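Peer 1: My questions will all concern the structure given below.
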Amino acid sequence: MYVFTNKSQQKTLPTNNIYAIVSRGKIISAKEANMARPIIEVKNFVKKYGSFEAVKNISFDVAEGSIFAFLGPNGAGKSTTINTLCTIFDKTSGELLIDGKDVSREKNAVRQSIGVVFQDSTLDKKMTIEENLKMHCVFYKVPKKEVEERINFVLNLVDLKEWRKKPVSTLSGGMTRRVEIARGLIHYPKVLFLDEPTTGLDPQTRNHVWEYVLRLQKEKNITIFLTTHYMDEAEHADDVAIIDHGEIIAHNSPFGLKKQYTKDRAYITTTNAIKFEELLTQQGITYETRERYHRIDVEDNAKFLYVLAECRTDITDMELRKGTLNDVFLDITGREIREGGNS
Ligand code: ADP
């Protein structure tokens, strides 16, 4: 069925049809409209362990084909949420849908739509990559005649074709994680859940794993839902929900979050401080004077550039620092994201 609708109604529509979404009188293509539909929908989700409320009435959507990061310190409620979405834990209340299916009532259908990569490896290390993948195909009832093609497909994606016959015990940490990602994809899920995907890996290997994750999302339009307490990891996401003490305290793109909660700061060294300060004051720019430099809050680029241009022959050093996601967390909660955890 093909339906014309408008953006505000998009979220309430059933997901098994193709829609052409009308925005400000303009028809967005059906493909674009379909890509923008929420593939994960969480409404008023609450999870209690006994009387302790680990997740407190959170709501969010994840657009199909996007990378969504759940960022927060240890104990924030990330694993509880991901495990409930993956049908491992039962919710206390609320509604959680994946691809239009209810995670509590349609567990089997949801499991077919998702792939999961857990923090700790669940591969059988004594078995080869191929044997691990074949075993997964049996669990997911992949038709026998498709097994070979799918193993080739996923090993190609993560560049491990030549390692197919090697026991998992002989692989490096990064390669093992890539096998886990390949395994998570072999039943062709629409959503891949990654729980702290690069924890415990060295920086170079983390970058490598991310290359594959980004490739997957771009080339195969797979929706990626990841939990992390690494700021730089969340920077890869299209959308970031920051969670703390079981509540979503901010939700936007990394750029949007930084724009909303942080300031760009410039650190300028000049040989003519009097002229520089006069111009800053004249332009209404706030600054602080340090022994060797001025620290300036850059809120209006045009005004700041005007001052720089006027003082260009006096400036001997300058640095511009953009706000980070850590600054966002600090601004909202008053503490560093790593203070809440122990890893
Ligand atoms: P995160 O993944 O962000 O580190 P979790 O979802 O694991 O956070 O935990 C959220 C909160 O729920 C924490 O305070 C944690 O101690 C608590 N919690 C997690 N699992 C259980 C459990 N099985 N029983 C009781 N409390 C739990």
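Heads up: the sequence shown begins at 117 in the numbering used here, then just goes up one per residue. The C-beta atom is built at its ideal place from N, Cα and C for all residues, glycine as well. All values derive from a computational prediction rather than experimental measurement.
1. Note down, in chain order, each residue of its chain lying with its Cβ closer than 6 angstroms to the Cβ of N132, except the 5 sequence neighbours on either side.
2. Excluding five sequence neighbours on each side, which residues of the same chain lie with their C-beta closer than 8 angstroms to the C-beta of N368?
3. How many Å lie between P244 and C253 at the Cα?
4. Decide if K374 is buried, meaning its Cβ has at least 16 other Cβ atoms within 10 Å, or exposed.
5. Residues in the same chain with beta-carbon distance under 6 angstroms from D311, minus the five sequence neighbours each way, listed in chain order, please.
6. To the nearest angstrom, report how far apart V413 and T402 are at their CA atoms.
7. Does R411 come out as helix, strand or coil in the three-state DSSP assignment?
8. Helix or strand or just coil, what does DSSP make of A357?
9. Taking Cβ positions, are I267 and E246 nearer each other than 8 angstroms?
10. Is the number of C-beta pairs between the segment 160–167 and the segment 312–322 that are closer than 8 angstroms three or more?
11. Among R428, G439, R408, which residue has its Cα nearest to the Cα of L395?
12. Would you report the Cα separation of G141 and E264, rounded to the nearest angstrom?
13. Are there any heavy atoms of the ligand ADP lying less than 7 angstroms away from the beta-carbon of F168, as far as the coordinates show?
14. Relative to the alpha-carbon of K277, which residue among K260, V295, T385, G300 has its alpha-carbon at the smallest distance?
15. What residues in its chain sit with their C-beta under 7 angstroms from that of T208, if we drop five residues either side in the sequence?
16. Alpha carbon to alpha carbon, how far is K379 from P154? Give it in angstroms, no decimals.
17. For the ligand ADP, any of its heavy atoms closer than 7 angstroms to the Cβ of A192?
18. Give the straight-line distance between the Cα atoms of E363 and I174, rounded to the nearest whole angstrom.
19. Strictly by DSSP, which residues pair up with E64?
20. When the distance is taken between beta carbons, is V178 closer than 8 angstroms to F341?
21. What is the DSSP secondary structure of D416, reduced to helix, strand or coil?
22. Verify whether the separation of the beta carbon atoms of S285 and K241 is less than 8 angstroms.
23. Within 10 Å of its beta-carbon, does R293 have 16 or more other beta-carbons around it, so buried, or fewer, so exposed?
24. Check H352 in the structure and name its three-state DSSP category.
25. What do you reckon, is the C-beta of T461 under 7 angstroms from a heavy atom of the ligand ADP?
26. How should S139 be labelled, buried or exposed, when 16 other C-beta atoms within 10 angstroms of its C-beta is the threshold for buried?
27. Hey, V274 and Y346 are a contact pair by Cβ (cut 8 angstroms); roughly how many whole angstroms apart?
28. Which whole runs of the beta strand (DSSP E) in the segment 273–298 are 3 residues long or more, in chain order?
29. Can you give me the C-alpha to C-alpha distance between A389 and E426, rounded to a whole angstrom?
Peer 2: The structure says:
1. By one-based count along the sequence shown, residue 132 stands at place 16. Residue confidence is low: N132 scores 41 on pLDDT, short of 50, so the model does not pin down where it sits. No coordinate-derived value is stated.
2. As a working mapping, residue 368 is identified with position 252 in the sequence shown. Excluding sequence neighbours, N368 sits near D355, V356, Q376.
3. Start at 1 with the first residue of the sequence shown, and residue 244 comes out as number 128. Start at 1 with the first residue of the sequence shown, and residue 253 comes out as number 137. Note that residue 244 is Thr in the sequence shown here, rather than Pro. The straight-line gap from Cα to Cα measures roughly 14 angstroms.
4. Sequence index remark: in the sequence shown, residue 374 carries index 258 (1-based). Counting Cβ neighbours within 10 Å, K374 comes out buried, since at least 16 surround it.
5. Counting from one through the sequence shown, the residue named residue 311 turns up at place 195. Around D311: I198, F234, Q235, T343.
6. In the sequence shown, the residue the question calls residue 413 occupies position 297. In the sequence shown, the residue the question calls residue 402 occupies position 286. The sequence given here places Asp at residue 413; Val does not occur at that position. Their Cα atoms are separated by approximately 6 angstroms.
7. As a position in the sequence shown, residue 411 is number 295, starting the count at 1. It is a strand residue.
8. Counting from 1 along the sequence shown, the entry for residue 357 is found at position 241. A357 falls in the strand class under three-state DSSP.
9. Along the sequence shown, one-based indexing puts residue 267 at 151. Along the sequence shown, one-based indexing puts residue 246 at 130. Yes.
10. Under the Cβ criterion (8 angstroms, minimum of three pairs), the segment 160–167 does not count as touching the segment 312–322.
11. Stepping through the sequence shown from its first residue, residue 395 is reached at position 279. Answer by Cα proximity: R428.
12. Residue numbering aside, residue 141 sits at position 25 when the sequence shown is read from its first letter. Residue numbering aside, residue 264 sits at position 148 when the sequence shown is read from its first letter. Below a pLDDT of 50, predicted positions are generally treated as unreliable, and G141, at 44, falls in that range; the measurement from the model is reported next regardless. Looking at the two C-alpha atoms, the distance is approximately 48 angstroms.
13. Start at 1 with the first residue of the sequence shown, and residue 168 comes out as number 52. Indeed, a heavy atom of the ligand ADP lies less than 7 angstroms from the Cβ.
14. Position 161 of the sequence shown, counting from 1, holds the residue named residue 277. The residue with the shortest Cα to Cα distance from K277 is V295.
15. Mapped onto the sequence shown, residue 208 falls at position 92. Counting only Cβ-Cβ distances below 7 angstroms, and skipping sequence neighbours, we find V162, K163, K164.
16. Counted from its first residue, the sequence shown places residue 154 at position 38. Counted from its first residue, the sequence shown places residue 379 at position 263. Cα to Cα, the separation comes out at about 31 angstroms.
17. In the sequence shown, counting from the first residue as 1, residue 192 sits at position 76. Yes.
18. Residue 363 sits at position 247 when you count from the first residue of the sequence shown. Residue 174 sits at position 58 when you count from the first residue of the sequence shown. Rounded to whole angstroms, the separation of the alpha carbons of I174 and E363 is 6 angstroms.
19. Not covered by the structure: residue 64. The range shown for the chain is 117 to 459.
20. In the sequence shown, counting from the first residue as 1, residue 341 sits at position 225. In the sequence shown, counting from the first residue as 1, residue 178 sits at position 62. For F341 and V178, yes; Cβs fall inside 8 angstroms.
21. Within the sequence shown, residue 416 is the residue found at index 300, counting from 1. Of the three classes helix, strand and coil, the one that applies to D416 here is coil, per DSSP.
22. For this step, residue 285 is matched to residue 169 along the sequence shown. For this step, residue 241 is matched to residue 125 along the sequence shown. The Cβ atoms of S285 and K241 lie closer than 8 angstroms to each other.
23. Residue 293 sits at position 177 when you count from the first residue of the sequence shown. Answer is buried; the Cβ neighbour count reaches 16.
24. On the sequence shown, position 236 is the one that residue 352 refers to. DSSP places H352 in coil when its eight states are reduced to three.
25. Any question about residue 461 goes unanswered here, given that the chain covers just 117 to 459.
26. Along the sequence shown, one-based indexing puts residue 139 at 23. Note that S139 scores a pLDDT of 43, beneath 50, so its modelled location is shaky and nothing firm can be said.
27. In the sequence shown, counting from the first residue as 1, residue 274 sits at position 158. In the sequence shown, counting from the first residue as 1, residue 346 sits at position 230. With a Cβ gap of about 21 angstroms, V274 and Y346 do not count as contacting.
28. Runs of the beta strand (DSSP E) lying entirely within the segment 273–298, each at least 3 residues long, are absent.
29. By 1-based counting over the sequence shown, the position of residue 389 is 273. By 1-based counting over the sequence shown, the position of residue 426 is 310. Per the coordinates, the alpha-carbon of A389 lies some 13 angstroms from the alpha-carbon of E426.
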